[in-house]
C-alpha cells in the first residue's frame, strides 16, 4: 500500500510505502529536519507536526511534552506512516538551508596577513600561453610531442612530461579548434611536469582557485583569482551532512554502520558545488578555469569529502586512512570544476586534529614565536595547540557540540531567533536577553549558553556543580519533564509558543563541555611541565569563537583566568589557512612542517586528562584559586566562597 | 513492425525493425561477417544467403555472380529486412573467431634472445613484502603514513610517495583484512614512488605482466611470469575490429565519420580481455596480479586501443595525437586486470610507423650493427627500416592488405581452406596447389598469391604488366564479370561450389602492392644514396613473413634480388619487442632511443617514391637488370627477355 505525504509549508509531496519511517520520508522529499543522532532515535530533535492522517508514533512520546503531543508533534525518526499525511516541519526543526554569498571585502586584509606570514603568490600550477607552429608535412611530429617542444621553447623543461588519459583524449581536438594558440595549465612535482589541461587561446590571466573549509557544521568557500590573490566571492552554508548527525562520531557511524559513506561525500561535495556554481555564475567565472582547490577540515571531514572510509578513526587506537592525503583530481570527488583540477587537503595531524588546525596554526603564527601560546579552535569539536617556535603539542578535547546546540533542549546554532546574550537580575532573577535578528526567540545559541551559565552561577541561581537552587524561590524555577529547569523566555515572548528553558540536564552537558576544553588546556600544559601563567598568547579561532564573551567564558571556567589582553580572536582560521596554502606553495609547505612538528596527545586514554576533567566539572573549577578574577567578582557580590 | 531473423547454422535469433540493414542485424546478433569496408557497401565481402523470407537486396546484385543470385546470396550491407528471415552466413564470409591458446614453449629461446640483446629482468614495478607493526595508542600514525614508514624501512625511499584515489579508498580495509602483512606494488618514476596496489600476504612471487601485439588483423597476447620471464601462455585471435574495416584507413573512417571510436576500442580491449581471461583461468593466475602491460601496435591501433581519436593520422599532414604515449592505467581502457596496472605502449615514430616497428628494430638489433640492414614488417601494412648503429630511416609503403586478401576476389587470410602454395605446369598450364588443413579450398592466402603471380609470370600466362595472355589458349583462362580470369581450382575441387579464380583486377592489385613494398625499399636507399648491394642483412618480420617463399617473392619483384642467405625471418617481432620491453626496463628505454633516432620519410608525398613505384609496376621490375636471378630463370625457360 502506498501513501502520499504532503509537507507544509513547502507543499512538497512524496509517495511512500505503508510503514515507511517518517524521517526517511522527509529525506526522500528532499527536505531537511534537524537531527543530532542521524535518525537513530535518541536525540529528540526531529520534531514534526502531523496535521492530517495517521502515524504510528513509536517512542516519540518519551521525547515530547504533553502539550506537544496534544498539538500533534511526533519524532519523525520514531514514526511510521500509516495513511496519507499532511506533515508540517516546524521552524524549530528546520535548518537554514540557503547559503550566504558575500563579496570579497576581506581580500586586502587577508593578503596583507598572508604576506606578513611570509607568503607570496606562487602556486604549483602555472599557465603558459603557447603559440604553436601548426604541423606541416615537413614538420609532422605528433600533437603531444609538439606541445612538449613548445613548452620547452617557453622555458618549461619537459623531459618528464606527463598527461593523463582524459587530457590526451581531447588534445587533438582542442589544439585544432584553438588554431594552435592555446594555454597549458602545468603542474610541477619535483622533476615531473604534468599538463593538467589545455585551454583555447590565451587563458593565462583567468586562473581561479578555491579555498574550502569543510566544517562539521558549516562549509565555507572562497573563490580566488589566482593572478592577484583577490577573493572574487565567498559563500557559506550549513554542512548538509548535519542531517546524518551533528558530530563526527555520529557521521562515522552513519558512514560505516549505516552504509552512508557515498551519501555523506555527495552531501559535502554538493555543498561545495552549489556554492561554487553560484559564485562562478555571479562573478562570470568559467567553472573549468578553477584548477586548484585547497581544502581544510578536520580529519573525519577530509575523509568524508574524499569518500574514504573513516571507520578506524572512531575505534581505538583511532587511526585515519591518511593524515597527509595524496593529491586527488577534481573529477575523482565529483567537483564541477576543471576535471583535472588538483585537490589538496591541508595536512592532518591525527584522527582528531585535522587540516583545519594545521591551517589555524599557520594563520596564528604561534610556530614562529619565542613566547608560548595556546591556540584553540572552538567549532563542533575543540582542538588545542600549545607551543612556540621550538615545539608544538596538540590535542582534541572532545568537548562535543553542546555549544552548537546538540544535547541542549533549546540549543541551536547562532542564527536568527537565537538568544545570544543573557543577563539575570541579581535581585529579581528576571532575565534580559538579546536575540539574533531582533525577533522572538526560538532557542539559545552558544554564546547565550555561556552567558546563562555565568549569570546563573554569579547570581546564585545554580551552585558550583550546576544544580539549580530551588530554594531561592524564583517563579522561573520549575520542575519539568527532565527535572528542574529555569525559564529564560516565557511562552508569550517566544516564537515557538512555549517557554524557552534551560534544564539541569542542559547545565550538566554545558559544564561537561567547558570542563573538557579547560582540561585539554591543563593537560597539554602539564604535559610540558608548564602553568597557565607562562602562556603569553591565547588565540581563539572558529566560527563560534567570534561570539564568545571572554570574561563570561572565564567565569564558567571554560577559558583560563588570564589577563584579557592576552586573548585574541582570529575568526575562521581554517578557511584563512586554506587560502594561504592555495595562493602560496611555500606556506602550504610550512603547514606540512607544522603538522609534522605537532606532537599529538590522545586525551581519551590520558589519566592526567581524566583528573583535570573531573576537577573542572565545577563552576568555575574545583580550584577557585586558579580563577582569581571570578573569586573577586563573587566576593564583590557578597557570596561566601 | 518487427521481424525475427534466425541465423544458421549458429541458430541465433534476433528481432529487428522493418527495413533494418542486414549487416547491422548480423552485428546485433553478435555474429561476424567478413567486410573490408566496414559495411560501407563497396567491398562485396559480406555475402550471406537468404534461406527463408524476403529482403530488399539493394545494389547487392552488382557484386554477385548470376549463380550466386540464383542461390539466394545478397550482400548484407546492401540489404534491408522485409520479413521474418532465415539467413545463412556461409563459411567463406566468416572469420575464424575463436582464438588459439598455446603454452609457453618459446620461453627459453626468447629469454636467451632478450639477454643477447643486453636485456635483464628489471622492471619499473617492484613488489615489496611489508610486515607492518599494527597501530597502537602509542603508535597511532595513519595508515598511509604507516605504509610509507614501512617502505622506508624496507629501503624504498618514499619521500615523494603517491597513491591514487582508488588505492587510498581501499587501503584501510586491505591492511586490516591482511592483518598488516601485505605486499606493496611500487612504481618508480624518477624520484616519485607510487604505490600502485597493495595485496594481502606475501605476493612478491606472483607478479604477472602481459605483452600484447595489437595488429590490424591479429591480436597476440603473452602472459608472462615477471619473476623469471617465463611465458605462462600465449594466445592469438583476429582483431575483432576487422568487421569495421580491413585496414587502418577504413578503421579511422569508421572511428571518426561513423562515430565508432568507442566501439573500436571496446573490440580491441575485448580481444585482449578474452584472451587474458582464458590464459589466467587456464594457468590459475589471479587477473589482478597482472600489473604491467606493454602494448605494441601500429600508431592507429595504439590510438584505437586507448580510445584516442585517430582522425588526423589520415589527413595530411598526417599527425598522431601522440607517438610516445603517456602511461595509462588498466582501468582507463577497461582491461580486466589490476585496475591500477600500468599500460605502456612501445614508442611510435610517426603516423604510419608505430610501436610495432620500434619493437621490431629492438628485436632485429640492426641499430647496433656496423653493417647496413633493411628491416620490413609485412603485415596488414608494410613498414620498412633501413640503417645501422649510426642512423635509421623508416617509411610505411602503404602496400595495403592485398596479401591478406583485401581487394582480391578469393583472397583470404592464412587459415584452414586457404590455398597457400601453387605451381603451374609450364606445358599444360595445369595447377597444383596445397591447402592449409588439407581440405577443399575456399580461397587464396598471401603466400598462395605470390606463388600464383610468380608461376603465371614464369610460365608465360601473364605478361610483365600482369595481363593474362589469352592467346596461350588454356581452358583455365576465361572471361568473367570483371574481365579475364584464371581458374586455380575447379568447382568440383572447391568447398564453395564454384571456381576459385584469380582475376586481372586481382593481379593488378597484387602488383600494386608488391610495387609499393619494393619502391619503399628503393626510396629509403636512394634517400641515403645507397644501393641494394650495400644491404648486408634483410630482416623480414610479421606473421605473414613466416610463410613467404623468398625466391618467389624475388621473382615477382617484391623483395630485392639479393643472395638468399642475406634474408632472415624473425617472426612476430612486435610481440617479441613488447615482451623485451615488459621484462627489461633498459630495453624499453632502448626502444625509445630507437624511435627517437628514426628519421621518418613520408612516402605519400615523395616524388622519388612515385617514380620508384611506377618503375616497379612490372614483373619483376622495369629494370630487369636489377633482378639477375629472375632474368636467368626466364632465360632458362627460353623466353625472350
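Residue numbers (this note's numbering), protein chains in the order written: chain A, -2 to 638; chain B, -2 to 638.
Don't be surprised by glycine CBs; every beta carbon is placed ideally from N, CA and C.
Residue i versus residue j: straight-line alpha-carbon distance, rounded
i                      : j                      : result
residue 3 of chain A   : residue 74 of chain A  : 17 Å
residue 235 of chain B : residue 128 of chain A : 43 Å
residue 387 of chain B : residue 377 of chain B : 29 Å
residue 624 of chain A : residue 512 of chain A : 14 Å
residue 390 of chain B : residue 159 of chain A : 28 Å
residue 627 of chain A : residue 538 of chain A : 24 Å
residue 455 of chain B : residue 482 of chain B : 17 Å
residue 101 of chain A : residue 228 of chain A : Note that residue 101 of chain A has pLDDT 44, beneath the 50 cutoff, so the model's placement of it is unreliable and the number below is only indicative. Those two C-alpha atoms are separated by around 5 Å.
residue 346 of chain B : residue 523 of chain B : 21 Å
residue 20 of chain B  : residue 233 of chain B : 26 Å
residue 88 of chain B  : residue 439 of chain B : 8 Å
residue 619 of chain A : residue 613 of chain A : 6 Å
residue 95 of chain B  : residue 238 of chain B : Per-residue confidence for residue 95 of chain B stands at a pLDDT of 44, beneath the threshold of 50, marking its modelled position as unreliable; the derived number appears in the next sentence. Computed Cα separation, rounded: 14 Å.
residue 553 of chain B : residue 616 of chain B : 5 Å
residue 382 of chain A : residue 360 of chain A : 13 Å
residue 662 of chain A : residue 76 of chain A  : Nothing can be reported for residue 662 of chain A: it is not among the residues displayed for chain A, which extend from -2 to 638.
residue 17 of chain B  : residue 121 of chain B : 51 Å
residue 231 of chain A : residue 279 of chain A : 11 Å
residue 632 of chain B : residue 451 of chain B : 15 Å
residue 486 of chain B : residue 473 of chain B : 9 Å
residue 26 of chain A  : residue 334 of chain A : 28 Å
Neighbouring residues, chain B, relative to residue i (Cβ below 9 Å)
i                      : result
residue 162 of chain A : 303, 304, 305, 323, 325, 326, 329, 330
Where residue i meets chain B, residues with beta-carbon distance less than 8 Å
i                      : result
residue 308 of chain A : 169
residue 140 of chain A : 309, 316, 317, 318, 319
residue 602 of chain A : 134
residue 157 of chain A : 186, 187
Sub-8 Å separation of residue i and residue j beta-carbons
i                      : j                      : result
residue 535 of chain A : residue 559 of chain A : yes
residue 71 of chain B  : residue 45 of chain B  : yes
residue 214 of chain B : residue 410 of chain B : yes
residue 592 of chain A : residue 507 of chain A : no
residue 330 of chain A : residue 339 of chain A : no
residue 22 of chain A  : residue 5 of chain A   : no
residue 286 of chain B : residue 205 of chain B : yes
residue 292 of chain A : residue 575 of chain A : yes
residue 194 of chain A : residue 182 of chain A : yes
residue 355 of chain A : residue 426 of chain A : no
residue 599 of chain B : residue 137 of chain A : yes
residue 318 of chain B : residue 169 of chain A : yes
residue 441 of chain A : residue 408 of chain A : yes
residue 453 of chain A : residue 405 of chain A : no
residue 262 of chain B : residue 304 of chain B : yes
Contact list for residue i against chain A, beta-carbon separation under 8 Å
i                      : result
residue 137 of chain B : 314, 315, 316, 347, 348, 597, 599
Per DSSP, the bridge partner or partners of residue i
i                      : result
residue 640 of chain B : Not covered by the structure: residue 640 of chain B. The range shown for chain B is -2 to 638.
residue 196 of chain B : B:180
residue -1 of chain B  : B:14
residue 185 of chain B : B:190
Chain-ordered chain A contacts of residue i [CB-CB under 9 Å]
i                      : result
residue 166 of chain B : 303, 304, 305, 306, 318
Residue i CB to nearest heavy atom of the ligand ADP below 7 Å
i                      : result
residue 469 of chain A : Here there are no bound small molecules, and the ligand ADP is not part of this structure.
So, does the stretch 175 to 194 of chain B touch the stretch 214 to 223 of chain B, judging by three or more C-beta pairs under 8 Å?
no
Are the stretch 430 to 445 of chain B and the stretch 486 to 504 of chain B touching, with three or more C-beta to C-beta distances below 8 Å?
yes
Any chance the stretch 33 to 53 of chain B sits against the stretch 240 to 254 of chain B, with 3 or more Cβ pairs inside 8 Å?
yes
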